[in-house]
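Quick notes on the structure that follows.
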Amino acid sequence: MTLLASRDEADRTDSPARGTAADPRWVRPALAALLLATAVLYLWNLGESGWANAFYSAAAQAGSLSWKALFFGSSDAANAITVDKTPAALWVMSLSARLFGVNAWSILVPQALMGVGSVALLYAAVRRTSGPAAGLLAGAVLALTPAAALMFRFNNPDALLVLLLVAGAYCVVRALEDASPRWLALAGVAVGFGFLAKMLQAFLVLPAFALAYLIAAPTSIGKRLLHLLGAWGATLLSAGWYLAVVALWPAADRPYIGGSQENSLWELVFGYNGFGRITGDEVGSVGGGGNGGWGGTGWDRLFGTEMAGGIAWLLPAAVLALGAGLWFTRRAPRTDRGRAALIVWGGWFLVTAVVFSYMGGIIHAYYMIALGPAIAGLVGIAGTQLWRARGNPAAAGTLSTGIALTALTAYLLLSRQSDWLPGLAAAILVAGLLCAFLIFFAARLPDAARRLVAIGALVTVLAGTGAYTVATAATPHSGALPSAGPDTGRGMGPGGGIMIGGPGGQGGRGGGLLGTSLPGDSLVALLRKDSEKYTWAAATVGSNNAAGYQLGSGNPVLAVGGFNGTDPAPTLEQFQEYVRNGQIHYFLGDGMMMRGETGSDAAERIAEWVSETYSPTTVDGVTVYDLSR
């Protein structure tokens with residue numbers, strides 16, 4: 013017997029969101045309470061974020077009007093250019109907008125439901141190897157991860173990515189029970205569709221999934237390798253069919269592939285959104301921040317001021333949980349499912365954390381949601397198993413150390429914002445150290461006292477991350493770069509751009525590379541006037557600029573140059589042809605955008621040609637050129 017044994021008595025016929033008849037009576041009500049609380053946390057006051065990331069909201073609006081725009085993920089219903097991602101997340105939002113209309117709720121509610129689904133699937137996966145208590149703890153940790161609350165209340169592709177990756181992990185756990193090639197292939201399908209949400213990032217979990225099955229599946233090595241080969245084929249098929257369709261589709265009959273320089277989805281996958289994220293060699297990128305970089309790399313990057321608030325609260329505890337779990341199960345049989353689960357979640361955690369820590373290309377704080385399920389799984393499994401083995405001094409000491417380490421982490425993170433909830437940091441530290449001391453002697457305490465210590469430790473461990481998560485959920489977020497945490501008090505969500513609550517507005521302003529344009533009432537009326545006569549009501553440089561004008565007016569707006577304004581779409585010659593054919597009514601803004609050292613200058617040339625050829629007027633603070641004159 014190993015100190016941390018797997019829960020072999022788990023019923024293998026349960027559904028992801030239900031317990032079994034063998035479970036204690038409290039399990040089903042506790043699970044229902046967890047999922048209900050998660051739904052409230054992720055849905056409450058959701059509409060306050062307005063269009064959230066208007067870049068994706070505009071594409072969802074386009075998809076609600078055009079099936080071609082939905083399939084390709086076009087930025088506008090006239091299908092000029094796509095967003096710079098594969099469009100699986102947009103399929104969900106566009107279909108919701110078709111059913112319920114284009115509004116903040118129809119776009120954001122699917123993300124919140126993905127969050128509830130992720131918590132349910134994580135519970136189910138952890139429960140099958142470590143019992144319902146471990147599953148509930150893992151689910152609670154994920155629900156109370158600030159980066160998760162941020163993304164499950166936002167409309168970036170990360171919500172769908174995480175849901176599909178957790179589904180993949182659940183399938184691997186099922187496959188490990190009886191060496192099932194069917195369940196393993198389903199895991200491959202889930203990861204493959206995760207690729208269609210956010211491309212190569214989905215594949216970061218594959219080493220962990222493959223290693224766990226290769227080590228622990230209860231069958232011969234030959235069959236294990238054969239099953240893995242079949243699962244890899246399922247992954248490639250579920251990811252590659254879309255790439256093949258786009259490659260075979262005549263380029264003249266589809267939108268330009270945003271984010272690429274050669275109108276190629278393959279270039280986008282392996283370049284700008286692929287290995288370029290690792291090396292930093294991303295053609296068309298404008299660089300990160302004012303210094304042209306994306307922050308320092310290194311082992312401590314996830315504890316930096318930008319990343320830490322979203323994910324670091326239980327990160328040290330997860331490292332300890334993985335190390336302790338593997339040590340305590342070192343003498344377990346090869347097929348031990350408890351250790352296999354540690355490999356699944358631990359491998360996911362390690363590979364993703366290393367890549368995020370050392371990647372030299374584009375990285376944002378909200379990416380940290382990808383670490384949430386892995387950290388939650390490790391904490392849930394190790395925490396409950398160590399508690400069960402508390403009579404062993406090694407287990408008690410490890411659990412005590414984990415609680416103290418988590419309390420110290422919360423203290424350090426909260427101390428960075430000493431003006432927010434003053435006193436919470438010190439309270440967590442004191443309570444955590446006290447609980448850590450008592451946990452070490454928990455086996456000698458009376459039952460009632462032991463239960464109180466366990467509850468106190470659980471509350472203390474979740475207090476810091478929970479408070480930060482609630483603050484994140486209570487803060488509206490918008491723009492391209494949202495970040496977790498309390499409201500900054502400056503009228504926008506942390507790290508966000510201009511807040512837009514819906515069409516129109518009293519004032520109006522242009523956007524920029526990362527901020528979204530906010531058209532005033534007069535400009536909206538101008539864009540709507542005679543719009544049926546034109547393919548695009550207007551054109552402007554950059555997708556975020558175009559998104560606000562498009563959402564405000566309800567009419568297609570051509571995003572010249574794509575997201576960064578560095579895509580060669582359209583070229584100056586193509587743009588001039590559109591104008592000659594009477595397809596574009598207005599050009600908005602002066603065309604000034606942030607520029608990197610790479611990518612096309614077509615957008616700049618178009619803006620210069622417009623300014624030299626047409627006379628400007630100003631409407632609601634925005635420069636307008638009437639191209640129909």
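As numbered in the working numbering, residues 13 to 641 make up the sequence shown, in order. Think of the CB as a built atom: it goes at the ideal place given N, C-alpha and C, for glycine as much as any other residue. It should be emphasised that the depicted structure is a prediction, and the values quoted were computed from it without experimental measurement.
Legend entry - Thr50 vs Thr481 beta-carbon contact at 8 Å: no
Inset, instruction - Mind listing, in chain order, the continuous alpha helix (DSSP H) runs of no fewer than 4 residues lying wholly within the stretch 200–241? - result: 218–228
Legend entry - Check: Ala214 C-beta below 7 Å from any heavy atom of the ligand MN: Among the ligands in the structure shown, none appear at all, so the ligand MN cannot be discussed.
Inset, instruction - Using only alpha-carbon positions, find the residue among Thr610, Lys97, Leu176, Ala408 that is nearest to Gly577. - result: Thr610
Inset, instruction - Tell me whether Pro405 is buried or exposed, calling it buried when 16 or more other Cβ atoms sit within 10 Å of its Cβ. - result: exposed
Inset, instruction - For Thr629, count neighbouring C-beta atoms within 10 Å of its own C-beta (all shown protein chains included) and say buried if the count is 16 or more, exposed if not. - result: exposed
Legend entry - Per-residue DSSP class, three states only, for Ser86: strand
Legend entry - Among Gly633, Asp638, Thr583, the one whose alpha carbon lies nearest that of Tyr1: Look at the range of the chain in this structure, 13 to 641, and you will see that residue 1 is not part of it.
Inset, instruction - Quick one: residues in its chain with C-beta nearer than 6 Å to the C-beta of Arg186, no 5 flanking neighbours on either side, listed in chain order? - result: Trp195
Inset, instruction - Mind the definition here: the stretch 158–175 touches the stretch 334–352 only if three or more C-beta pairs lie below 8 Å; say whether that holds. - result: no
Inset, instruction - Going by DSSP, name the residue or residues bridged to Thr635. - result: Thr630
Inset, instruction - With DSSP collapsed to three states, give me the class of Thr552. - result: strand
Inset, instruction - With DSSP as the reference, label Thr94 as helix, strand or coil. - result: strand
Legend entry - Distance between Ala136 and Gly507 (C-alpha atoms, nearest Å): Bear in mind that a pLDDT of 42 at Gly507, under 50, signals an unreliable position, so the number given afterwards is only what the model happens to contain. If I take the Cα positions, the gap works out to 34 Å.
Legend entry - Proximity of Ile290 and Gly384 at Cβ, strictly below 8 Å: no
Legend entry - Ranges of the alpha helix (DSSP H) found wholly within the stretch 322–389, counting only runs of at least 4: 327–340, 349–370
Inset, instruction - Determine the burial state of Asn57: buried for a count of at least 16 other Cβ atoms within 10 Å of its Cβ, exposed for fewer. - result: exposed
Inset, instruction - Would you mind giving the Cβ-Cβ distance between Leu411 and Leu398, rounded to the nearest angstrom? I have them listed as a contact below 8 Å. - result: 4 Å
Inset, instruction - Output yes or no for whether 8 Å exceeds the beta carbon distance between Thr141 and Val203. - result: no
Legend entry - Proximal residues to Leu148 (C-beta, below 7 Å), its chain only, five neighbours per side dropped: Ala42, Leu43, Leu46, Tyr135
Inset, instruction - Look at the alpha carbon of Ala558 and the alpha carbon of Tyr379, and state the distance between them as a whole number of angstroms. - result: 25 Å
Inset, instruction - Confirm, please, whether the CB-CB distance from Leu584 to Asn567 is below 8 Å. - result: no
Legend entry - C-alpha distance - Pro99 paired with Ala90, whole-angstrom precision: 17 Å
Legend entry - Exposure label - Asn593; buried when at least 16 CB within 10 Å: exposed
Inset, instruction - Would you tell me roughly how many angstroms separate the C-alpha atoms of Ala352 and Arg342, rounded to the nearest one? - result: 11 Å
Legend entry - Residue environment, Pro717, which counts as buried when at least 16 other CB atoms sit within 10 Å: The shown model of the chain, from 13 to 641, leaves out residue 717, and the question about it has no answer.
Inset, instruction - Give the range of the beta strand (DSSP E) segment to which Ile596 is assigned. - result: 596–600
Inset, instruction - Have a look at Gly372, Ala329, Ala496 and flag the residue whose alpha-carbon is nearest the alpha-carbon of Asn285. - result: Gly372
Legend entry - Ile618 vs Ala550 beta-carbon contact at 8 Å: no
Inset, instruction - Compare the Cα-Cα distances from Val184 to each of Leu154, Leu240, Arg402 and report the closest residue. - result: Leu240
Legend entry - For Val572: DSSP bridge partner residues: Val553
Legend entry - C-alpha gap between Ser640 and Tyr598, whole angstroms: 7 Å
Inset, instruction - Pull up the CB-CB distance for Gly270 and Ile93, whole angstroms please, since I reckon it's below 8 Å. - result: 5 Å
Inset, instruction - Using alpha carbons as the reference points, say which of Thr421, Val634, Phe221, Gly444 lies closest to Ser534. - result: Val634
Legend entry - Contact set for Val178: own chain, Cβ-Cβ below 6 Å, skip 5 residues either direction: Ser130, Leu133, Leu134, Pro385
Legend entry - Pairwise C-alpha distance: Val153 and Pro144: 14 Å
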